[in-house]
Each structure stands twice: as structure tokens, then as C-alpha cells.
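**Student:** Chains as they are written, first to last, in the working numbering: chain R, 1 to 257; chain F, 1001 to 1288.
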Amino acid sequence: MNPQLRRHIASTALIIGFFVVWELLCIGFDIKDIVLPRPTQIIATLFDRLPAILPHATQTLYTTLVGFALGILFGVFIGCVIGSSRLAYDVAYPLLVGFSSIPKVAVVPIFVLWFGAGTVPAVLTAMILCIFPIVVNVATGLATTEPELEDVMRALKASKLDILTNVGLPRAMPYFFASLKVAVTQAFVGTVIAETVASNRGIGNLMMIASSSFDVPLVFAGLLILAILGVGLYVIFSFIEVRVIGWARRNDEFAMG
Amino acid sequence: MMPATVFRPAEPPEMPVEEEHHAFVELEKVTHTYGRGDRKIQALIETDLRIEQGDFVALVGPSGCGKSTILKLVTGLITASSGYVYVAGREVGAEPVRVGMAFQNPTMLPWLSLRDNVMLPLKIVPPFRREYRAKRRGEFRDRVEALLAQVGLGGFSDKYPWQLSGGMLQRASLCRALIHEPQLLMLDEPFGALDQFTREELWAVMQDLWMTRKPTVLLVTHDLKEAAYLASRICVMRARPGRIVEESEVAFPRPRTIAMSYEPNFVALTQRLRELIMSAQADKEETS
């Protein structure tokens, strides 16, 4: 058995084992489903009420993806600006850290104040949550280009744009993709926060209403949906990552292919 | 960064430029300092250097003597604190001279195949730049393959840099420095990180490349044997502040071989260079 397959089997077993233990503990200690529902109950709830849950799920997915896309757009742009010069990097970094250290829940009311409750604040919250990792990673990728490589390019009389497109951006790609995987999960956090605070649609809102009516299995069904969506997007971006920046991994699967 | 202050008499506008003979590369009383205030380091002081077109000049000297500084000045990567640097008869940068560079570190781009790495200058440097899209899969590709074959890398062009050894990467790096037919080739200890045998092999490759293409070459090196094997002229530098203290012509016939490097007059030359550099270092210690 090759080690990779063994790894896959082990991690699948761990996931299944986690739910089995959960199920058994609930049964063994006779835990009420209003406190902690059993996994089987959660899955049953999910399938029973799928028609009601699905529109919320698509709303959340849609909001997250729009926010994520905007985050990539602005994040890459700001990252390029900051990463393109040492000065910009040093000057802008403190401000960036300042912004990132603001708890993002705190800005949701401001967005609601400006744009009203609904999709817009959720999109914006998702965006600002995922923008920071992207900016930092793209900027770092650009700023750490080897000076000798830059000398080679400058000796060829390459313009700033030439250097950016031929050396800087490709070199920043591994950093960019690493940030995307963090950013996409962050975008979900942003969306759900905003939906919980001020929206009448989305998984966040669904969980909010469900918990206020003590429909705990539905709350957990919402969590399960979020986990599935999050993992799904993570997998998609990992897949694209392997395709685009296989060179940075230098593993045997890619070598001598 | 501070703009370099260069004092010069006001020139009458219609003064003829080439009234006297200019070498292809010329340094005139060039002084260069890095940093400022207490941390000022004088890298070069009043250095003169002339390199004729098609010449192969080696710069040798103790470490920190400003060898790489001269290289960067001639390439236009840095501007002299004072003095003049002329390339192709005009101040450096004024004339669009094609330059190729290779360093100790091969600096290949890991996401590109060897072929695309070598092709990079063609994508950037005019006039190739304009035709890059059209000729990328035709003429340019053939040219890269031919050059790679000349340095012994035929059949490796689809490989990625991390699949190759250090010596192979350095060969590729030489190819990248030469693919756009530069008039000026700058080599900053390109063989410094290689083992003895690979290094000697690459000297032969380098000599072959120079003899077939005849670019003007400036080689910075620590290896005296390398300088004597490759160069037509060797400039010995003194350190801190750096300046050229001695120039010697190397008259051995080409193509030179490794066997020649064990002949008495070759050994005598490297011996003399060695003594010069040692005494330059001793001078420095006395004065400081």
C-alpha cells in the first residue's frame, strides 16, 4: 500500500470515527437533542428540511463567492501596489495591520447603517475578511523576489511592468494560492456573521432563527452545510493550486511526469 | 535614493561626440561610495578602465575590492558617485546596448522550462520583443535549442530547473545571458559555486561561446587560473578603496586547453597575479 493511500484512509477513518464517537457518547450519556443532537439526527433533519434549507444555502454560497471575488480583485491590486516597492511595503504595513486587527463583527453595523440589512453588508463583510490574507501574501511574494533576478531583468532594460508580469506575479502565485485557501474560509465567516446580525436570508439567519426557537438539530444542520460548503471550496482551490503552481511543490508526482 | 552628483563643464551643444577614439567600454576616474555618513564605504576610487569591442577582460582581486561594483556600473544598474562611464561611445544608458548577465547563482525561474527560461530575454529585449509572439514556436525556439546543444544541454529543454544539477543550470544561465546576442556580456563569478571538473568543463564551453560570438566580456572572478584561461586581459584590483593596480595581456593562443594551464609560463602568470593580489592586501593592512 502506498503511503499516500494509507494517509487518505487514515484521515477518512478519523472523520468517520469522530462522528461515531459523538453518536455513541450522545446515546451512552443520554444527552438530549436540545443540548447536542446526534449526527444521525442532524443528517436526518438536513434531508427532511432540505427544501427549506437549500435557498438559504445558495444565498450564503452566492454572498460568499461574490465577497470572495471582490476580495481577490482588491486584494491582488492592493498587494501588487504594496509589494512593488520596498517603500510602499514599509509605509503601508502598519495601517494594514491596524485594519486587520479590528474585529470584523464590529464593522457589520456600520455596513448595515450605510447599505441597509440584506445581501450587501454580507458581501462586504466577506470581502474585508478575506482581503487581508490575500494582500499580505501577494505583497510578500512580490517583495521577496531575489535581487539578482531583478538585476538580470534590469540589465535587459525590462520595464517595471515586464518584471511584474514575468517574474513578480508568477513568483507570488504560491503565496497567492496559500492565501486563497485561508481567504475562502474567512469569507464564509464574514458572510455568516453578517447574516446573523442583519439579514433575513442565508444560513447565518437560518441558524439564528432556529436557535431562538430551540430547534437545535436545525442549527447543527446549518453548521453541517457550512462545513460542506467550506470544505468544497477549499478542495476546489487546492485542486487549482496544484494545477497552476505544481512547480513550487517539487514533489515526485510532478517531477519527471 | 539620492541622485548622483556629477560635476562637468557645460558642453557646447553641437560638439562632435566621437572626436577621439573611445573604447567600447570606458571608465574615467570613477569613484563610487555606498551608504552615507558613518557607514560610508568607498568601493571604488578614481578607477580607469578601457575595454575594446570583442575583448575578454577579467577582473581579479581580493574580496570587497569593488569588482562587482564595476560590473554594475557598466551595466547601468548603479550610477557612479563621480566620474564617467561610457559604453559604446556614449554615457552608459544613453545608447541602447544589449547586455547579458550571469551570476554565481543561476537564478532560473522555477516555473518555466529550461527552454522558456533561456528564451526570457527574447521576450523582453527589443528588437526580438516585437516578434516574440510570432517566432516563439519557430525560429526562436530553434535558436534556443541550438544554443543549449552547443553548451551540452541538448534534449533537456523541456526539463524544469529543479530537475537539473548546478552545473547544468549554470550552462543554461550562460545561454540565457547570450541568447539575445548581447554586445556586452557580464559574468559575476559564474563558475564560483561549481566543483573543479564542472568548472573546467564550463571554461571550455565559455571559450567556445566567446570565440563563436565575440561579445565584449567582463568577467569577475576569484579564480586566477580561470582568469588566465579565459581572458585576453587581466586587471588586478586592490581593495578598499578599490582601484585597478595592474593590467596584463594574456597572450596564450586560442583555443586554450586545461593542459596548457600546467605549462610553465601559464603557472608563472597565475603566480605573479597571486603575488600582486597578496601585496595589494598587505598594502591595505599597512595603511589601515
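Backbone N, C-alpha and C define an ideal beta-carbon position, used for all residues, glycine too. All values derive from a computational prediction rather than experimental measurement.
Cutting at 6 Å between CB atoms, please list the residues of its own chain near alanine 1073 of chain F, excluding the five before and the five after it.
**Tutor:** For clarity, residue 1073 of chain F is leucine in the given sequence; the question names alanine instead. Here the set comprises Ala1080 and Val1085.
**Student:** Using the Cα positions of tyrosine 234 of chain R and glycine 83 of chain R, report the straight-line distance between them to the nearest angstrom.
**Tutor:** 26 Å
**Student:** Would you tell me roughly how many angstroms separate the C-alpha atoms of glutamate 1139 of chain F and proline 1215 of chain F, rounded to the nearest one?
**Tutor:** 22 Å
**Student:** Determine the closest residue to valine 1217 of chain F out of F:Met1260, F:Arg1098, F:Gly1167 and F:Tyr1034, with distance taken between C-alpha atoms.
**Tutor:** F:Arg1098
**Student:** Within the same chain, show all residues whose beta-carbon is closer than 7 Å to that of glutamate 1018 of chain F, passing over the 5 residues directly before and after it, in chain order.
**Tutor:** Low confidence applies to glutamate 1018 of chain F: its pLDDT is 49, below 50, so where it sits in the model is not reliable, and the reading given next is rough at best. Result list for glutamate 1018 of chain F: Gly1089, in chain order.
**Student:** Short check: CB of leucine 1120 of chain F to CB of phenylalanine 1128 of chain F, under 8 Å?
**Tutor:** Their beta carbons are not under 8 Å apart, which means leucine 1120 of chain F does not touch phenylalanine 1128 of chain F by this criterion.
**Student:** Just to make sure I have the definition right: I need the residues of chain F whose C-beta is within less than 7 Å of the C-beta of arginine 154 of chain R. Which are they?
**Tutor:** Leu1077
**Student:** Would alanine 117 of chain R and alanine 187 of chain R be called neighbours here (beta carbons separated by less than 8 Å)?
**Tutor:** No, Cβ-Cβ distance for alanine 117 of chain R and alanine 187 of chain R is not below 8 Å.
**Student:** Would you tell me roughly how many angstroms separate the C-alpha atoms of alanine 1280 of chain F and tyrosine 1034 of chain F, rounded to the nearest one?
**Tutor:** Straight-line spacing of the CA atoms in alanine 1280 of chain F and tyrosine 1034 of chain F works out to 22 Å.
**Student:** In chain R, which residues lie with their C-beta within 8 Å of the C-beta of valine 1151 of chain F?
**Tutor:** The contacting residues do not exist; valine 1151 of chain F stays about 18 Å from chain R at best.
**Student:** Just curious, the alpha helix (DSSP H) that methionine 127 of chain R is in, first and last residue?
**Tutor:** 119 to 143
**Student:** If you draw a straight line from the alpha carbon of leucine 25 of chain R to that of proline 37 of chain R, how long is it in whole angstroms?
**Tutor:** 11 Å
**Student:** Identify the continuous alpha helix (DSSP H) that holds serine 11 of chain R and give its terminal residues.
**Tutor:** Run containing serine 11 of chain R: 3 to 28, per the alpha helix (DSSP H) assignment.
**Student:** Can you look up phenylalanine 1024 of chain F in the DSSP assignment and give me helix, strand or coil?
**Tutor:** Coil.
**Student:** Under a Cβ-count criterion, where at least 16 other Cβ atoms within 10 Å of its own Cβ denotes burial, should threonine 12 of chain R be classed as buried or exposed?
**Tutor:** Flag for threonine 12 of chain R reads exposed.
**Student:** Comparing the C-beta of glutamate 146 of chain R with each C-beta of chain F, is any distance below 8 Å?
**Tutor:** yes
**Student:** Checking contacts by CB at 8 Å: is tryptophan 247 of chain R closer than that to chain F?
**Tutor:** Chain F, which has a Cβ nearer than 8 Å to the Cβ of tryptophan 247 of chain R, makes this yes.
**Student:** Rounded to the nearest angstrom, what separates phenylalanine 1007 of chain F and arginine 171 of chain R at their Cα positions?
**Tutor:** Note that phenylalanine 1007 of chain F has pLDDT 49, beneath the 50 cutoff, so the model's placement of it is unreliable and the number below is only indicative. So the two alpha carbons sit approximately 41 Å from each other.
**Student:** Where does methionine 1001 of chain F land, buried or exposed, given buried means 16+ other C-beta within 10 angstroms?
**Tutor:** With a pLDDT of 47 at methionine 1001 of chain F, under the threshold of 50, the modelled position of that residue is not reliable, and the figure given next carries that caveat. Counting C-beta atoms within 10 angstroms of its own C-beta, methionine 1001 of chain F has fewer than 16 neighbours from the protein chains shown and is therefore classed as exposed.
**Student:** How would you list, in chain order, the residues of chain R whose beta-carbon sits under 7 Å from the beta-carbon of lysine 1067 of chain F?
**Tutor:** Correct list: empty, because the minimum Cβ distance to chain R is about 15 Å.
**Student:** As a quick exercise: from F:Met1108, F:Gly1076, F:Glu1145 and F:Arg1274, pick the residue whose alpha carbon is nearest that of leucine 1184 of chain F.
**Tutor:** F:Gly1076
**Student:** Can you name the residues of chain F whose CB is closer than 9 Å to the CB of lysine 32 of chain R?
**Tutor:** Within chain F, no residue comes near lysine 32 of chain R; the closest Cβ sits about 56 Å away, beyond 9 Å.
**Student:** Comparing alpha-carbon positions, which option in F:Gly1083, F:Pro1062 and F:Asp1055 lies nearest aspartate 1048 of chain F?
**Tutor:** Checking every option, the nearest Cα to that of aspartate 1048 of chain F belongs to F:Gly1083.
**Student:** Quick one, which residues of the segment 1158 to 1173 of chain F are near chain R if we go by CB-CB under 7 Å, in chain order?
**Tutor:** Tyr1160, Trp1162 and Gln1163
**Student:** Expressed to the nearest angstrom, what Euclidean distance is found between the alpha-carbon atoms of glutamate 1026 of chain F and tryptophan 247 of chain R?
**Tutor:** 43 Å
**Student:** Strictly under 8 Å for the Cβ-Cβ distance: is lysine 1123 of chain F near chain R by that measure?
**Tutor:** yes
**Student:** Looking at valine 1118 of chain F and alanine 1172 of chain F, is the spacing between their C-beta atoms short of 8 Å?
**Tutor:** With contacts defined by Cβ atoms closer than 8 Å, alanine 1172 of chain F and valine 1118 of chain F form a contacting pair.
**Student:** Out of R:Asp30, R:Pro39 and R:Pro3, point me to the one whose CA is closest to leucine 223 of chain R's CA.
**Tutor:** R:Pro39
**Student:** Check the C-beta distance from isoleucine 1051 of chain F over to threonine 1031 of chain F and give it rounded, since I have them as a contact under 8 Å.
**Tutor:** Actually they do not touch by this definition, with Cβ atoms about 19 Å apart.
**Student:** Does DSSP put glycine 204 of chain R in a helix, in a strand, or in coil?
**Tutor:** helix
**Student:** Scan the segment 1134 to 1169 of chain F and note each continuous beta strand (DSSP E) run of 3 residues or more that stays entirely inside, going in chain order.
**Tutor:** With a minimum length of 3 residues, no continuous beta strand (DSSP E) run stays inside the segment 1134 to 1169 of chain F.
**Student:** If you drop the 5 nearest sequence neighbours on each side, which residues of the same chain put their C-beta closer than 8 Å to that of alanine 1010 of chain F?
**Tutor:** Its pLDDT being 49, under 50, alanine 1010 of chain F is placed unreliably in this model, and the value from its coordinates should be taken loosely. Hits under 8 Å: none found.
**Student:** List the residues of chain R that phenylalanine 1140 of chain F touches, going by C-beta distances under 7 Å, in chain order.
**Tutor:** The premise fails here: phenylalanine 1140 of chain F is roughly 15 Å from chain R at the closest Cβ pair, so nothing lies under 7 Å.
**Student:** Relative to the C-alpha of methionine 127 of chain R, which candidate in R:Ile78, R:Leu164 and R:Gly190 has its C-alpha closest?
**Tutor:** R:Gly190
**Student:** Is there at least one Cβ from chain F nearer than 8 Å to leucine 95 of chain R's Cβ?
**Tutor:** Not one chain F Cβ lies under 8 Å of leucine 95 of chain R.
**Student:** Could you pull the DSSP bridge partners for leucine 1218 of chain F from this structure?
**Tutor:** F:Val1057 and F:Met1186
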